[in-house]
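Engineer:
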Amino acid sequence: MDVDVSTRDKHIYRYEDFLSAHKAQLLSASVPERFWIPLFEKLTKEVFDAGEHFQVINDEGNYEVVATSQIDHKIGNNIFLVDHAWTFRPADARNELENIPGLLERMIKLFGMLEKKPKSDEVKDVALIDDSDTDDEVVYEDEKKARITEVADEKQIDGVLPRQVSVDAYLCQAANDDQEVNKVLRDMWLYAQTYSIRTKSQMTEGETPVWYIIDEFGSFIGHSDVPNFRLIPFYFAPTSEAFSLLFPVAAVMEGDSVRRDYVDTTVLQQHPDWRAFLLHPWQEGEFSEVLPRMEPPKDFFISGRKLDDLPSRDAQNLCVSQLEPGKKMAIYTDSPQLLNNLQKHRFSLVDDWRQADVLWLSTHFHEYRELCAENPRALVNQFPYESCLTVKDLLAAILHPEMGMPEWEWFETCFNLTTELPQFCKYFQEREQRNEDNIWIIKPWNLARGLDMHISGDLKHIIRLIESGPKIACKYITNPVLFRRPDNGAMVKFDLRFIVFVDRFRWNSAWIYKNFWIRFAINQFDLTQLDNPETHFTVFNYGDEEKVLQVFLFIVLTRCWKLLPRSPLVESPRTSKDRTRSNCDVSILECNFMPDCERACAYYSDFADTVFDTLFMGHIDESKVAKL
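Residue 2087, in the numbering used here, is where the sequence shown stops; the numbers in between run on with no holes.
Structure, rendered in structure tokens:
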């Protein structure tokens, strides 16, 4: 059917255009086709007609939505647009609550109305409290400004500073505001929902999951395990706006309560037996069942993943193991960053990998069999199945503690929330009962640089996060070694980035670049604001370069040496089988695929040549690299 409707910018937008841009979204969300044309018309004409069919009622402080007329779930026009009150990314939420006028007050009022309150027949032997005017509990923006002005006028005398009492008042107000912000940041995970907008295969900062709070009408829709409506997010491309779509899945009579399933997510579809765990944010309970952790089965490493196609061993023996020294290299690449910094190696770029000596790729390579057959002289900057190290869930899987064996001391306790959510919930509650530190860092499988990473000690929050995509939960290091920044004097977190070269897959065939990078957080380390990236993360060179602190290695090493105890060394006992022994373990947080080398090239002019010498030329300069 052809429907031509003028959008707000006066361009003709056809139904065919709508389907071309949104059909995949409608299908993935399982929106029945009978709703598509009415949805198109309501979106383009901005029709918000839910008020003609529903009403919000207040039952002793408990709000719910009821139907004011019969609604047939088989009629296509019964799909309704619901607006969003607040759209945010978690890393920006605190700043927005503190700085967008009226937002904090609106969220406080909304969340207060959503809290379940006991009805009069449920309250016994409890003193009555007058809460007839709950709006008085919220200080609106205009009132706040007026009160501050009034206090300033009263306390300011001849241009001198206000008396101490007024300073205390300001401090109290700031403390109250901070408490209110913290409460909203904690409570919002009961009401927030999420969607992602992907425009490229590689996610960027602008494409990380978006969270949102539905408006008051949508927020008052209650939960049911057997719902009569669905409420799902929908992104309308022409206006770059997101709405929620409310449509019936069963016949609705006049006066019926409108109910949706709070855990109507892909996670529940994949794990229908997880309903109790997914509902925990709203229906708290203790998980008493013993849930042992099991080693991932072998098919875990190949399920849903593109496999590397490997040549036979005989075919591999015909391939070159290193390039001829002094030869001008033909390089096939999709990322010239490192190549632009080569100084002593001569090379030319080619458009056909079959003509290349080196394949330098920033995307995963899988066609090893084809490469071996059609260009056996070429070398590639990857190894088969190296994703077992560079993808976080696979790294956690290969380091999974064997049954009855202790966990690795150098790898933090880690759960794959896509496969081990019940076990994680049980483990979390056990630590809670023992009053143990229970703060976790939640990471997506295949992102770095702090993208979509969260730090939390709230089980409700952590459970909700898996709705935005596959995640792992690693125990957060709450007592890290700190470094005093010379610019602001703060004792901050830092991490060390090492570059490791592996020239072949065999024991004792890896090299580490002797120059490493130290990356610093900005704020004084503490655990009061777990949502603050400038306190808990260290990568800032992809945003504001001014936040990047460069400290020379010898300064850091000198400070570390001063901290070491001056007790005499004791020789370690040896056996004839010992070859080396390390005096300390480095905690492994993650290994990154194709790490960004911009800083390395900027700080060390020989870095690019060292990479090619070590990986492709068979030339090992032990003044620059050390054997592992």
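We put the beta carbon where it would ideally sit given N, CA and C, even for glycine. What you are looking at is a predicted structure, and each value in this text was computed from that prediction instead of being measured.
How big is the Cα-Cα spacing for residue 1505 and residue 1492?
Structural biologist: Walking along the sequence shown from the start, residue 1505 turns up at place 46. Walking along the sequence shown from the start, residue 1492 turns up at place 33. Spanning the two alpha carbons is a distance of roughly 20 Å.
Engineer: When the Cα atoms are used, what is the spatial distance from residue 2086 to residue 1968?
Structural biologist: Start at 1 with the first residue of the sequence shown, and residue 2086 comes out as number 627. Start at 1 with the first residue of the sequence shown, and residue 1968 comes out as number 509. When rounded, the distance between both Cα atoms is 7 Å.
Engineer: Mapping the DSSP letters down to three states, classify residue 1650 as helix, strand or coil.
Structural biologist: Indexing the sequence shown from 1 puts residue 1650 at position 191. Residue state, collapsed to three classes: coil.
Engineer: By a C-beta neighbour count over all protein chains shown, 10 Å radius and 16 as the cutoff for buried, is residue 1875 buried or exposed?
Structural biologist: The residue given as residue 1875 occupies position 416 in the sequence shown. Result: buried.
Engineer: Going along the chain, which residues of its own chain have a beta-carbon closer than 7 Å to the beta-carbon of residue 2072, five neighbours each way excluded?
Structural biologist: For the purposes of this step, residue 2072 is taken as the residue at position 613 of the sequence shown. The residues are 2078, 2080.
Engineer: How far does the alpha helix (DSSP H) with residue 1484 in it reach, from first residue to last?
Structural biologist: Translated into positions along the sequence shown, residue 1484 becomes position 25. Its alpha helix (DSSP H) spans residues 1474-1487.
Engineer: Short of 6 Å in beta carbon distance, which residues of its chain neighbour residue 1779, apart from the five on each side in sequence? Order them along the chain.
Structural biologist: Looking up residue 1779 in the sequence shown gives position 320. If we look at residue 1779 and ignore the five residues flanking it on each side, its Cβ neighbours are 1836.
Engineer: Let's test the definition: count the other Cβ atoms within 10 Å of the Cβ of residue 1703 and tell me whether it reaches 16, buried, or not, exposed.
Structural biologist: Within the sequence shown, residue 1703 is the residue found at index 244, counting from 1. Its Cβ being crowded by 16 or more others within 10 Å, residue 1703 is buried.
Engineer: Suppose the cutoff is 8 Å on Cβ atoms and the five residues either side in sequence are ignored; what does the same chain contact list for residue 1548 look like?
Structural biologist: The count along the sequence shown starts at 1 and reaches residue 1548 at position 89. Excluding sequence neighbours, residue 1548 sits near 1667, 1668, 1669, 1670.
Engineer: Do three or more CB pairs link the stretch 1737-1746 to the stretch 1538-1557 at distances below 8 Å?
Structural biologist: Segments in contact, no.
Engineer: What number of angstroms, rounded off, separates the C-alpha of residue 1747 from the C-alpha of residue 1944?
Structural biologist: Here residue 1747 refers to the residue found at position 288 when the sequence shown is read from its first residue. Here residue 1944 refers to the residue found at position 485 when the sequence shown is read from its first residue. Rounded to the nearest angstrom, the two C-alpha atoms are 46 Å apart.
Engineer: List the residues that DSSP assigns as beta-bridge partners of residue 1827.
Structural biologist: Counting from one through the sequence shown, the residue named residue 1827 turns up at place 368. BP columns for residue 1827 are empty, so no partner.
Engineer: Roughly how many angstroms separate the alpha carbons of residue 1827 and residue 1767, rounded to a whole number?
Structural biologist: On the sequence shown, position 368 is the one that residue 1827 refers to. On the sequence shown, position 308 is the one that residue 1767 refers to. Going by the C-alpha atoms only, they are around 7 Å apart.
Engineer: Grab me the residues of residue 1807's own chain with a C-beta within less than 6 Å of its C-beta, minus the 5 sequence neighbours each way, in chain order.
Structural biologist: Position 348 of the sequence shown holds residue 1807. Excluding positions up to five away in sequence, the list reads 1789.
Engineer: Determine the DSSP secondary structure at residue 1756, reduced to helix, strand or coil.
Structural biologist: Taking the sequence shown and counting its residues from 1, the one referred to as residue 1756 is at position 297. Looking at residue 1756 - three-state DSSP - the assignment turns out to be coil, as it is neither helix nor strand.
Engineer: Tell me the DSSP secondary structure of residue 1712 in three-state form.
Structural biologist: On the sequence shown, position 253 is the one that residue 1712 refers to. Residue state, collapsed to three classes: coil.
Engineer: Which residues does DSSP pair with residue 1547 in a beta bridge?
Structural biologist: Along the sequence shown, read from residue 1 onward, the residue named residue 1547 stands at position 88. Its beta-bridge partners are 1670.
Engineer: Round the Cβ separation of residue 1530 and residue 1543 to the nearest angstrom and send it over; I've been treating them as touching at under 8 Å.
Structural biologist: Taking the sequence shown and counting its residues from 1, the one referred to as residue 1530 is at position 71. Taking the sequence shown and counting its residues from 1, the one referred to as residue 1543 is at position 84. Between residue 1543 and residue 1530 the Cβ distance is about 23 Å, and since that is not below 8 Å, they are no contact.
Engineer: Measure the alpha-carbon distance for residue 1677 versus residue 1541 and round it to whole angstroms.
Structural biologist: The residue labelled residue 1677 in the question sits at position 218 within the sequence shown. The residue labelled residue 1541 in the question sits at position 82 within the sequence shown. Computed Cα separation, rounded: 6 Å.
Engineer: Over what stretch of residues does the alpha helix (DSSP H) that includes residue 1727 continue unbroken?
Structural biologist: Working through the sequence shown from its first residue, we reach residue 1727 at position 268. It spans 1725-1729 - the alpha helix (DSSP H) in which residue 1727 sits, taken as one unbroken run.
Engineer: Looking at the secondary structure, which residues open and close the beta strand (DSSP E) in which residue 1902 lies?
Structural biologist: To locate residue 1902, count along the sequence shown from 1; it is residue 443. Where residue 1902 is concerned, the enclosing beta strand (DSSP E) stretches over 1899-1903.
Engineer: Restricting to runs no shorter than 3 residues, where is the beta strand (DSSP E) found entirely within the stretch 1922-1978?
Structural biologist: Listed in chain order, they are 1930-1934, 1953-1956, 1959-1961, 1969-1972.
Engineer: Roughly how many angstroms lie between the CA atoms of residue 1988 and residue 1913, to the nearest whole one?
Structural biologist: Start at 1 with the first residue of the sequence shown, and residue 1988 comes out as number 529. Start at 1 with the first residue of the sequence shown, and residue 1913 comes out as number 454. Distance between the alpha carbons of residue 1988 and residue 1913: 11 Å.
Engineer: Return the residue from the list 1996, 1644, 1497 that minimises the CA-CA distance to residue 1564.
Structural biologist: Taking the sequence shown and counting its residues from 1, the one referred to as residue 1564 is at position 105. That would be 1644, whose Cα lies nearest to the Cα of residue 1564.
Engineer: Less than 7 Å between CB atoms is the rule here; does residue 1947 satisfy it with respect to chain D?
Structural biologist: The structure shown contains no chain D; it is built from a single protein chain.
Engineer: What did DSSP end up calling residue 1852 once you bin it into helix, strand or coil?
Structural biologist: As a position in the sequence shown, residue 1852 is number 393, starting the count at 1. DSSP places residue 1852 in helix when its eight states are reduced to three.
Engineer: So, with DSSP's three-state summary, where would you put residue 1744?
Structural biologist: Locating residue 1744 in the sequence shown gives position 285, where the first residue counts as 1. Looking at residue 1744 - three-state DSSP - the assignment turns out to be coil, as it is neither helix nor strand.
Engineer: Enumerate in chain order the residues of its own chain whose CB-to-CB distance from residue 1888 is below 8 Å, with the five nearest sequence positions on each side excluded.
Structural biologist: Start at 1 with the first residue of the sequence shown, and residue 1888 comes out as number 429. Result list for residue 1888: 1745, 1746, 1918, in chain order.
Engineer: Going by Cα to Cα distance, which pick from 1569, 1481, 1496, 1532 is closest to residue 1520?
Structural biologist: Walking along the sequence shown from the start, residue 1520 turns up at place 61. It is 1569 whose Cα lies nearest to the Cα of residue 1520.
Engineer: What first and last residue would you give for the beta strand (DSSP E) that runs through residue 1495?
Structural biologist: Position 36 of the sequence shown, counted from the start, is the residue given in the question as residue 1495. Here residue 1495 belongs to no beta strand (DSSP E); instead the alpha helix (DSSP H) covers 1495-1504.
Engineer: Indicate the three-state DSSP secondary structure (helix, strand or coil) for residue 1992 in the structure shown.
Structural biologist: What you label residue 1992 is simply residue 533 of the sequence shown in a count that begins at 1. Here residue 1992 sits in helix by DSSP.
Engineer: Would you please state the rounded distance, in angstroms, between the beta carbons of residue 1797 and residue 2067? I believe it to be under 8 Å.
Structural biologist: Within the sequence shown, numbered from 1, the residue matching residue 1797 stands at position 338. Within the sequence shown, numbered from 1, the residue matching residue 2067 stands at position 608. Contact flag correct, Cβ pair sits at about 5 Å.
Engineer: Which whole-angstrom value describes the C-beta separation of residue 1995 and residue 1952, a residue pair presumed to lie in contact below a C-beta threshold of 8 Å?
Structural biologist: Here residue 1995 is taken as the residue at index 536 of the sequence shown, counted from 1. Here residue 1952 is taken as the residue at index 493 of the sequence shown, counted from 1. Indeed they touch by this definition, with Cβ atoms about 7 Å apart.
Engineer: Taking the CB atoms as reference points, tell me whether residue 1976 and residue 1956 lie closer together than 7 Å.
Structural biologist: For this step, residue 1976 is matched to residue 517 along the sequence shown. For this step, residue 1956 is matched to residue 497 along the sequence shown. Taking 7 Å as the Cβ cut-off, residue 1976 and residue 1956 qualify as a contacting pair.
Engineer: Would you decide whether residue 1891 is buried or exposed? Buried here means 16 or more other CB atoms lie within 10 Å of its CB.
Structural biologist: Sequence index remark: in the sequence shown, residue 1891 carries index 432 (1-based). Residue 1891 is exposed by the Cβ-count criterion.
Engineer: Please identify the residue among 1981, 2065, 1904, 1916 whose C-alpha is closest to the C-alpha of residue 1974.
Structural biologist: As a first step, residue 1974 is located in the sequence shown; it is residue number 515 there, counting from the start. Closest by alpha carbon: 2065.
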